[in-house]
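One structure below.
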Amino acid sequence: MASTVGAWPRPQWYEEGIWGWITSTNHKRIGVLYLSTSFVFFFAAGAMAMMMRTQLARPDNSFLTPQEYNQIFTMHGTTMVFLFGMPVLAGFANYLVPLMIGARDMIFPRLNALSYWTYLAGSLLLYSSFLAGGSPDAGWFSYAPLTESPFSKGMGMDYWSLSIILLGISSIAGAVNVLVTVLTLRAPGMTFNRLPLFVWATFVNQFIILVALPSLTAAAVMLYLDRHFGTAFFNPANGGDPLLWQHLFWFFGHPEVYILILPAFGIISEVIPVFARKPIFGYSFIAYSSVAIGLLSFAVWAHHMFAVGMSLTAQAVFSFTSFTIAVPTSVKIFNWLATLWGGSIRLRPPMLFALGFIGLFVIGGLSGVALAVVPFDWQVTDSYFVVGHLHSVLFGGTAFGVFAGIYYWFPKITGRMLNERLGKLNFWLLVVGFLLAFQPMHVLGILGMPRRIWTYSPNMGWNELNLVSTIGAYIIGIAILVFVGNFIISVRGGKEAGADPWDAWTLEWAASSPPAAHNFERLPEVRSRRPLWDQKHPDRADYLARPLE
Amino acid sequence: MSEDGNTEMSVSEGSRSALEATGESITAGTGPAVAQQPADTKSHPAAEETAHRPSEHSPWPILVAVGLLLVAVGILHQWLIAGLGGIVLLVAVVGWLWQPWAS
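For the protein sequence lines, the chains are R and F, in the order given. Residue numbering for the first sequence follows our numbering, beginning at 145 and increasing consecutively. Residue numbering for the second sequence follows our numbering, beginning at 131 and increasing consecutively.
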């Protein structure tokens with residue numbers, strides 16, 4: 145017998161205009177706000193990337209001044225990490241987690257709204273630094289003592305630290321909300337071993353946020369105190385220790401990589417089985433490998449600091465832990481490949497992005513393993529090899545995962561399908577752009593090109609590879625324009641999606657597209673990991689099947 | 131083997147040929163049924179409560195954020211603005227707590 149969760153009148157406010165959006169505490173509206181705002185910042189950071197690549201396209205270029213270049217690479221990194229990467233995944237979490245676990249909303253709807261508005265406030269504060277005499281210019285990780293007042297005299301770093309504090313409040317509040325929602329609002333039958341893998345990944349992701357973010361938030365407070373109240377946490381001239389900043393920052397900073405990639409893993413784990421027409425291979429291994437990654441992510445931070453003069457023992461320990469974290473990540477990749485094996489694969493845009501994710505993320509993963517080798521790290525630290533590595537992970541991984549998720553859930557959110565032909569064009573342009581933009585960076589780093597340089601001499605041997613990288617960045621720009629065009633065309637006149645256009649299995653597809661304010665008129669019974677499959681095929685329901693021997 | 135004590139996965143994690151896909155539809159679960167497990171009916175009390183709680187409108191979260199923003203701007207430029215931000219924050223928190231939870 146299906147469990148019914150009561151018919152419910154559609155509240156009048158749901159149809160209201162801008163006031164309805166501003167004061168809404170509904171998780172779907174907040175999810176849409178997160179997604180749309182984060183994409184605005186994605187476009188802004190992308191435009192900054194194009195400016196940087198234009199500057200580096202040829203030697204001795206003067207498209208940007210050195211000061212402008214420093215500000216732009218700082219704002220590009222800060223924006224991509226804090227204003228796009230984390231919030232876009234928070235948008236997915238907000239929109240999807242309650243739907244996927246069969247809940248009406250998040251457990252603390254007002255706190256959820258506060259998370260979004262504090263994120264927006266922090267973002268606006270950061271960008272208003274452009275109007276107040278100059279944005280921050282010390283890189284997204286703001287190493288001390290460069291960021292101390294004797295060396296950064298403008299207000300840019302003050303804006304940066306206060307924005308980070310606001311963004312930290314937003315993320316921590318959001319993490320509490322998601323964790324408690326998953327713990328307490330699951331529908332009857334939705335045990336942890338039946339949770340969709342996206343929810344598993346998001347659950348671990350939010351746990352990491354809860355533990356890692358306070359370190360950065362505290363460091364930002366300490367930096368502000370150093371700059372204005374005479375404390376000496378980080379400035380060696382006053383008895384402080386700049387390495388303390390690096391420890392506090394990277395205790396957040398490396399888990400941050402997994403904050404940015406785990407939900408993308410979750411998205412891929414949802415997309416691949418649906419488009420391979422097979423249940424996911426190794427559900428438990430994928431779920432528990434997320435937990436393993438979450439725990440190990442707190443034991444690897446000092447591999448960012450191999451060059452600072454750590455003891456050999458510390459280097460050996462952090463090198464070992466950095467190798468170890470590749471194991472649960474590989475477990476996921478092997479399970480996705482095993483899911484594809486023998487499947488009836490549909491190469492629709494979400495699946496293309498998921499397959500692209502696997503191939504391209506592996507490039508970033510392997511260069512990460514290389515960086516865990518201490519002598520190699522010494523050679524390429526602070527070089528373009530590291531820039532190539534982090535972009536392979538975060539663009540090949542997070543961005544491709546986000547695009548897979550957008551193409552997959554866009555019909556649920558808007559009720560319309562994205563254009564498939566434009567979606568495929570979007571995908572192939574992104575793949576070509578990615579390979580051209582970021583792979584030459586690995587070679588440039590090995591050739592000795594340092595990161596964060598404004599320009600270079602023509603006799604360094606870096607000219608052609610930099611030009612190729614810039615061409616790749618422009619192709620990525622074109623791909624993003626194709627996506628924007630597709631979005632506009634499809635929102636206005638895309639094919640109607642219906643509730644379940646992909647013939648999928650998780651609970652969100654049991655709701656209408658877009659879902660009603662209260663999500664479900666009637667919840668499918670949850671008796672397996674694929675409740676919608678069970679409902680559609682009662683004679684072949686998962687819970688009827690013979691257990692494994 | 132059952133992993134959660136309640137239900138059995140029909141799918142042996144890709145190892146059964148009977149579950150391989152055919153065209154657009156999957157042929158999962160074609161083996162003989164051996165045990166129909168009952169669905170769990172229990173859920174956390176908070177889930178029941180929230181299931182019947184209407185979604186609400188609340189102006190207080192955005193006002194709290196505005197208060198925090200004013201405090202930050204005030205710290206950067208003018209303590210008077212920070213004071214104003216503090217008042218906005220206080221009003222917003224009181225309003226938040228004062229508003230009924232399921233209006």
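The C-beta atom is built at its ideal place from N, Cα and C for all residues, glycine as well.
Whole-angstrom distance between residue j and residue i, CA atom to CA atom
{"i": "arginine 371(R)", "j": "serine 314(R)", "result": "24 Å"}
{"i": "glycine 225(F)", "j": "tyrosine 213(R)", "result": "45 Å"}
{"i": "aspartate 249(R)", "j": "arginine 330(R)", "result": "11 Å"}
{"i": "aspartate 647(R)", "j": "valine 418(R)", "result": "7 Å"}
{"i": "aspartate 686(R)", "j": "leucine 310(R)", "result": "46 Å"}
{"i": "threonine 346(R)", "j": "asparagine 610(R)", "result": "37 Å"}
{"i": "threonine 223(R)", "j": "phenylalanine 217(R)", "result": "10 Å"}
{"i": "serine 613(R)", "j": "isoleucine 316(R)", "result": "37 Å"}
{"i": "isoleucine 619(R)", "j": "arginine 202(R)", "result": "17 Å"}
{"i": "alanine 623(R)", "j": "phenylalanine 342(R)", "result": "26 Å"}
{"i": "leucine 227(R)", "j": "valine 531(R)", "result": "19 Å"}
{"i": "glutamate 414(R)", "j": "alanine 212(F)", "result": "46 Å"}
{"i": "valine 184(R)", "j": "isoleucine 174(R)", "result": "15 Å"}
{"i": "methionine 366(R)", "j": "alanine 288(R)", "result": "11 Å"}
{"i": "tryptophan 445(R)", "j": "leucine 439(R)", "result": "12 Å"}
{"i": "tyrosine 552(R)", "j": "alanine 376(R)", "result": "50 Å"}
{"i": "lysine 680(R)", "j": "proline 423(R)", "result": "15 Å"}
{"i": "proline 407(R)", "j": "tryptophan 209(F)", "result": "40 Å"}
{"i": "phenylalanine 627(R)", "j": "tryptophan 606(R)", "result": "32 Å"}
{"i": "asparagine 600(R)", "j": "glutamate 608(R)", "result": "According to the sequence displayed, residue 600(R) carries tyrosine and not asparagine. When rounded, the distance between both Cα atoms is 12 Å."}
{"i": "serine 657(R)", "j": "histidine 171(R)", "result": "15 Å"}
{"i": "glycine 567(R)", "j": "lysine 556(R)", "result": "17 Å"}
{"i": "valine 517(R)", "j": "isoleucine 437(R)", "result": "19 Å"}
{"i": "glutamine 523(R)", "j": "isoleucine 590(R)", "result": "8 Å"}
{"i": "serine 511(R)", "j": "glycine 204(F)", "result": "44 Å"}
{"i": "aspartate 644(R)", "j": "alanine 654(R)", "result": "7 Å"}
{"i": "proline 494(R)", "j": "serine 488(R)", "result": "15 Å"}
{"i": "proline 242(R)", "j": "isoleucine 430(R)", "result": "21 Å"}
Cβ of residue i within 8 Å of any chain R Cβ
{"i": "alanine 163(F)", "result": "Per-residue confidence for alanine 163(F) stands at a pLDDT of 36, beneath the threshold of 50, marking its modelled position as unreliable; no derived number is given."}
{"i": "threonine 194(F)", "result": "The identity of residue 194(F) in the sequence shown is valine, whereas the question assumes threonine. Valine 194(F) counts as touching chain R."}
{"i": "tryptophan 226(F)", "result": "yes"}
{"i": "isoleucine 205(F)", "result": "yes"}
{"i": "proline 191(F)", "result": "yes"}
{"i": "leucine 199(F)", "result": "yes"}
{"i": "threonine 152(F)", "result": "Below a pLDDT of 50, predicted positions are generally treated as unreliable, and threonine 152(F), at 31, falls in that range; the measurement from the model is reported next regardless. Yes, contact with chain R."}
Minimum Cβ-Cβ distance from residue i to chain F less than 8 Å
{"i": "serine 168(R)", "result": "yes"}
{"i": "phenylalanine 378(R)", "result": "no"}
{"i": "isoleucine 262(R)", "result": "The sequence given here has threonine at residue 262(R), not isoleucine. Answer yes: the Cβ-Cβ gap between threonine 262(R) and chain F drops below 8 Å somewhere."}
{"i": "alanine 362(R)", "result": "no"}
{"i": "lysine 257(R)", "result": "For clarity, residue 257(R) is alanine in the given sequence; the question names lysine instead. Yes, its Cβ sits closer than 8 Å to a Cβ of chain F."}
{"i": "tyrosine 303(R)", "result": "yes"}
{"i": "alanine 265(R)", "result": "yes"}
{"i": "tryptophan 157(R)", "result": "Confidence is the limiting factor: at tryptophan 157(R) the pLDDT is only 46, short of 50, which leaves the residue's position unreliable, though a coordinate-based value still follows. Yes, its Cβ sits closer than 8 Å to a Cβ of chain F."}
Beta-carbon neighbours of residue i, restricted to chain R and to distances below 7 Å
{"i": "tryptophan 209(F)", "result": "Within chain R, no residue comes near tryptophan 209(F); the closest Cβ sits about 12 Å away, beyond 7 Å."}
{"i": "alanine 202(F)", "result": "Leu269, Leu306 and Leu310"}
Chain R contact residues for residue i, given Cβ-Cβ distances below 9 Å
{"i": "leucine 214(F)", "result": "Per Cβ cutoff of 9 Å: no residues; leucine 214(F) is ~15 Å from chain R at best."}
Residues that residue i contacts on chain F, provided the C-beta gap is smaller than 7 Å
{"i": "threonine 299(R)", "result": "It should be pointed out that residue 299(R) corresponds to methionine in this sequence rather than to threonine. Within chain F, the residues near methionine 299(R) are Leu206."}
{"i": "arginine 254(R)", "result": "Ser188, Trp190, Pro191 and Trp226"}
Those residues which DSSP pairs with residue i across a bridge
{"i": "asparagine 663(R)", "result": "Ala660(R)"}
{"i": "proline 380(R)", "result": "Paired residues: none, contrary to the question."}
{"i": "histidine 187(F)", "result": "Ser168(R)"}
{"i": "arginine 490(R)", "result": "DSSP output for arginine 490(R) lists no bridge partner at all."}
{"i": "arginine 560(R)", "result": "Glu640(R)"}
Cβ-heavy atom distance, residue i to the ligand SAH, below 7 Å
{"i": "isoleucine 309(R)", "result": "You won't find the ligand SAH in this model; it holds no ligand whatsoever."}
Entirely enclosed beta strand (DSSP E) segments - the segment 585-647 of chain R, minimum 3 residues: none
Run through the segment 285-351 of chain R for me and flag every whole alpha helix (DSSP H) of 4 or more residues, listed as ranges in chain order. 300-328
Can you list the alpha helix (DSSP H) stretches of 4 or more residues lying completely in the segment 526-557 of chain R, in chain order? 528-537
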